[in-house]
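Each residue of the sequence shown is one higher than the one before, starting from 883 at the first, in the numbering used here.
Heads up, the beta-carbon is just placed ideally off N, CA and C, and yes, glycines get one too.
All values derive from a computational prediction rather than experimental measurement.
Take a look at the structure below.
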Amino acid sequence: TTSSSRYCGTNLEDANAKCGVACPTGKGCPFGQACFLNTICNAWNAGGSTSSSSSTTSSTGTIKTFGHAAVEETFQSIKDVINTKLFLYETPGMQWLPSTVYRFDGFFDGLQLMYKQGVNGKKIY
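Okay, structure coming up:
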């Protein structure tokens, strides 16, 4: 592993698993991700992308659509972050865990409903 093996992820394990977006300068990661140093990526990836991620962003992390499609694409690209870091609950043992009730799919369905048809005359734009 070399210092040039910097890749983006939600944590080091995620960066090692995906090896999707390189960040050789320590910058340029998609929203919700950070740049991790000394990943295993260059050991087996030689700088190319072999990510099996379903992310809808390009290798540079740039959204390629506009309007509602861009909003949807952006949210889809951070789906895992929303499920594991935003929708949490606190256990009696004072530990924060991902919610089993509130999940991205329900949030996303509600968001789409609000901008497509609205509720009680109100819409999200």
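Which listed residue (the options) has its alpha carbon closest to that of residue i
{"i": "residue 901", "options": "971, 961, 922, 960", "result": "922"}
{"i": "residue 979", "options": "985, 966, 988", "result": "966"}
{"i": "residue 983", "options": "971, 991, 891", "result": "971"}
{"i": "residue 951", "options": "993, 899, 916, 895", "result": "993"}
Same chain, Cβ closer than 6 Å to residue i, neighbours up to 5 away in sequence not counted
{"i": "residue 904", "result": "889"}
{"i": "residue 936", "result": "The predicted position of residue 936 is uncertain, since its pLDDT is 37 and thus under 50; a value taken from the coordinates is nonetheless stated next. Closer than 6 Å at Cβ, skipping near neighbours: no residue."}
Length of the line joining the Cα atoms of residue i and residue j
{"i": "residue 975", "j": "residue 981", "result": "15 Å"}
{"i": "residue 897", "j": "residue 1003", "result": "43 Å"}
{"i": "residue 954", "j": "residue 973", "result": "31 Å"}
{"i": "residue 988", "j": "residue 999", "result": "16 Å"}
{"i": "residue 949", "j": "residue 968", "result": "24 Å"}
{"i": "residue 958", "j": "residue 907", "result": "26 Å"}
{"i": "residue 928", "j": "residue 986", "result": "Bear in mind that a pLDDT of 42 at residue 928, under 50, signals an unreliable position, so the model cannot answer this."}
{"i": "residue 964", "j": "residue 910", "result": "20 Å"}
Beta-carbon contacts of residue i that lie in its chain and below 7 Å, excluding the five residues immediately before and after
{"i": "residue 1005", "result": "996, 997"}
{"i": "residue 915", "result": "890, 891, 892"}
Residue i, enclosing alpha helix (DSSP H) - first and last residue
{"i": "residue 992", "result": "986-998"}
{"i": "residue 979", "result": "Segment 978-980 is the beta strand (DSSP E) holding residue 979; no alpha helix (DSSP H) there."}
{"i": "residue 897", "result": "894-900"}
Sequence-distant residues of the same chain with beta carbon closer than 8 Å to residue i, five excluded per side
{"i": "residue 1001", "result": "995"}
{"i": "residue 977", "result": "none"}
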